[in-house]
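I have placed the structure first, in the form of structure tokens, so that the comments after it can refer back to it.
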Amino acid sequence: MPTPPIPAPDEIDREWLTARLRDAGHGDVDVRAFTATRIGTGQIGQCIRYELELSGGEAPRRLVGKFPSDDPLSRETGVGLRNYYREVQFYRTLAPRLPIATPRCYYAAIDGEGPRFVLLLEDMHPAVQGDQLAGCSPEVARSAVRELVGLQAPTWCDETLLDYDWLHQPAPATDLRSLYAQMLPGFVDRYGASLAPDEVDVLSRVADAPQCPLFAPLEPPFCLEHVDYRLDNLLIDHTTSTPRVTVVDWQSVKVGRPLNDVAYCLGGGLEPDVRRPVEQDIVRDYHRALEAAGVTGFDWPSCWEAYRRSTFAGFGVTVIASMIVEQTPRGDEMFLTMARRHARHALDLGATEFLE
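For the sequence shown, this note's numbering begins at 95 and goes up steadily by one.
Take a look at the structure:
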């Protein structure tokens with residue numbers, strides 16, 4: 095029986111992998127054998143590394159396949175929020191024209207809007223997945239933020255992005271606020287005892303704050319926003335003189351605010367004591383890189399205020415996502431860590447003034 099065009103992990107075979115490599119220009123290569131090892135810590139998808147034994151030509155000997163989660167709740171979430179469809183469309187239509195570092199995509203297919211889909215991606219060895227729980231060094235954080243310029247500068251206030259329906263917020267801001275408020279009691283019940291009182295307070299205030307930036311209508315400047323720009327979604331090569339970052343997990347990409355990804359990355363990826371002395375310098379470096387890439391009309395004071403407003407970007411992902419995906423011990427630890435760091439970030443930068 096031939097392998098289906100959108101195989102499940104247990105349906106991948108030598109013939110299918112051979113066809114994908116040949117379609118990508120690798121001539122008469124044959125996959126003689128392969129091993130499959132599950133990798134990563136995804137909540138909505140699962141990733142498998144294929145190590146290939148080849149003959150007949152030169153081709154990559156390691157590839158990564160991405161598939162829907164094997165948890166029913168997570169799969170339902172992936173379809174309902176269009177996560178699977180959005181990521182496949184990103185690799186098909188946008189990734190080839192953006193200079194941000196992403197893995198080469200060898201195959202991208204989806205049945206309707208899922209849950210059945212498959213991505214076959216370049217393995218970025220020797221890069222390793224970042225660890226949201228452990229946090230990172232300022233050097234890694236700087237590289238990650240600088241990499242965002244390759245996503246944002248080419249799409250800065252680009253109105254053609256509006257032509258892609260899958261790049262828009264899946265629900266109006268009013269619905270997002272309602273969803274946040276709906277999920278908040280369960281979140282506080284699950285994690286509140288492990289958070290400081292002022293952290294619980296600011297997480298709770300967001301739900302009813304009329305001016306909270308998290309729920310504000312989108313206004314210029316806008317660009318592509320990764321949305322979940324955290325260490326678990328970054329592959330980091332530490333063998334280079336400056337850490338090299340490759341960005342994965344494009345399931346939430348949308349038209350959004352440029353500083354959301356910056357604040358989400360720094361606030362969630364750095365421990366507060368590590369973040370405080372370096373963050374303004376990193377954001378200034380990012381701003382200079384934006385200007386060097388051709389972005390105009392966005393001065394430093396505007397950038398810094400947008401950054402402070404964007405400290406709330408991590409609140410939505412933390413509170414909502416933690417309640418709608420499969421609960422796991424690592425997931426609980428991750429969401430608790432994110433809640434603590436993002437809340438402390440907003441408090442440190444006096445962003446509560448935007449909740450008045």
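C-beta atoms are modelled at their ideal positions from N, C-alpha and C, and glycine is treated no differently.
* If you drop the 5 nearest sequence neighbours on each side, which residues of the same chain put their C-beta closer than 6 Å to that of L115? -> V123, A153
message: Which of the three DSSP states is assigned to M95 in this structure?
response: Only weak support is given to the placement of M95: the predicted model assigns it a pLDDT of 44, under 50, and the question is left unresolved by the model.
- Query: Taking the alpha-carbon positions, what's the R108 to A127 distance?
  - Reply: 6 Å
Is D322 helix, strand or coil when you go by DSSP? coil
Exercise. Go through its chain and collect everything with a Cβ distance to P103's Cβ below 8 Å, but skip five positions before and after it.
Key: A130, Q140, I142, G159, F161
| request: Assuming L329 contacts A221 (C-beta within less than 8 Å), just tell me the rounded distance between them. | output: 4 Å
Test item: CB-CB of R435 and P371 under 8 Å = no
Option in A383, S288, P314, R403 with minimal Cα separation from M428: S288
Excluding sequence positions up to five away, which residues of its chain have a Cβ less than 6 Å from the Cβ of I418?
T171
- Query: Is the CB-CB distance between R324 and G350 below 8 Å?
  - Reply: no
Query raised in the report: Ordered along the chain, which non-local residues of its own chain (more than five positions away) have a Cβ less than 6 Å from that of R438?
Result: P366
Task: Helix, strand or coil at S404 according to DSSP, with G and I counted as helix - done: helix
For F184, report the span of its alpha helix (DSSP H) as first-last. Looking at the DSSP string, F184 is not in any alpha helix (DSSP H), and its letter there is neither H nor E.
- request: For the beta strand (DSSP E) containing P162, list its first residue and its last residue.
  value: 156-162
Worksheet entry | Alpha-carbon to alpha-carbon, V182 and W250 | 22 Å
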